[in-house]
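Numbering (my numbering), first residue to last: 6 to 333. Data block below; observations after.
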Ligand code: KG4
Ligand code: ZN
């Protein structure tokens, strides 16, 4: 089964060709400059960029795989959740390409895609496993027992982890996206310099909350004043990263203490973070669980993960999918 997948749920325009779980091509066109001056993603700007980029990204994915559209068995596209205008570009394009060639089309849930990144070759991970997904839009613990679904064991009650990192980075005058910028600056800082709250420490359970740590960073910088905040930016970045990652790894530890999970996986853009990967490694070693880490480019948004999820989704035949809409 050779699948051509499209992913346009946020600010990355992505297309990939995956054949029996092997990535043949995986093209990602990001738009950081378009959003940088706003310090975050502007939905309307993202939609317009997807429109400009999507055809050439699809062409590049087909060319990279050395195939024509006629050679693919099915198409797949992220249908939900995401920015509605951005999703619509991918859904409309996938519908048009599939309809023109009378091929079936699979509708994929973006979060299922992040989980399914772990099913890709080489070394695919078989369920059951516990998957921590932390991205710019979502933060959740998924109990994965089947390839086509997962249970939400805990999720954020406010901001997503990546969103908190992006907002913290903006506060510290760093670029967008904030996660990598904070990670880089944190290398020169002391993670214990400031005692920022991890969030919902006393609540127990597997839910997350990042609004408190973000506010704590704001108050800390206000107290320090502009010049001192600037001078101690690396310490602030390191302490903030430690608090956000600390909450993620706390919940991971809790989930592992509550359930029998022989394997653990990480997904979503924040899973590219070196500190999170290292801490998750230590926790899994202590517990004797296997930790599966996909490369960073499969953690952040990409279409190979959508094709991977599509392998376990019932494809809709032509012309059934022509009535599809995107849902945010
Ligand atoms: O999964 P993703 O590419 O898009 C969404 O579905 O949201 O995640 C993007 C998020 C951004 O908030 C970005 O700051 C964060 O992932 N991110 C990171 C790193 N790389 C990307 N956070 C921490 N460390 C990183 N290295
Ligand atoms: Zn994502």
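Backbone N, C-alpha and C fix where the C-beta goes; we use that ideal spot for every residue, glycine too.
Query: Straight-line gap, residue 22 to residue 174 (C-alpha atoms, nearest Å); Result: 34 Å
Query: Exposure label - residue 227; buried when at least 16 CB within 10 Å; Result: exposed
Query: Enclosing alpha helix (DSSP H) for residue 98 [first to last residue]; Result: 89–105
Query: Cβ-based burial, residue 18 [other Cβ within 10 Å; buried from 16]; Result: buried
Query: C-alpha gap between residue 300 and residue 84, whole angstroms; Result: 24 Å
Query: Pick from 65, 52 and 48 that is closest to residue 29, judged by C-alpha positions; Result: 65
Query: Residue 273 beta carbon near the ligand ZN (any heavy atom closer than 7 Å); Result: yes
Query: Where residue 322 falls, given that 16 or more other Cβ within 10 Å makes a residue buried; Result: exposed
Query: Cβ pair count under 8 Å reaching 3, the region 96–115 against the region 311–327; Result: yes
Query: Secondary structure, beta strand (DSSP E): runs of 3+ residues fully inside the region 107–156; Result: 110–114, 134–139 and 144–151
Query: Backbone secondary structure at residue 165 - three-state DSSP; Result: coil
Query: Simplified DSSP assignment, three categories, for residue 290; Result: helix
Query: Helix, strand or coil at residue 60 [DSSP, three-state]; Result: helix
Query: Euclidean distance between Cα positions of residue 250 and residue 281; Result: 6 Å
Query: N- and C-terminal bounds of the beta strand (DSSP E) containing residue 272; Result: 268–272
Query: Assigned exposure category for residue 224 - 16 Cβ within 10 Å defines buried; Result: exposed
Query: For residue 73 and residue 221, the rounded distance between their alpha carbons; Result: 53 Å
Query: Member of 157, 140 and 189 whose CA lies at the smallest distance from the CA of residue 134; Result: 157
Query: Environment of residue 193 [buried if 16+ CB atoms lie within 10 Å]; Result: exposed
Query: Distance cut-off 7 Å: residue 306 Cβ against heavy atoms of the ligand ZN; Result: yes
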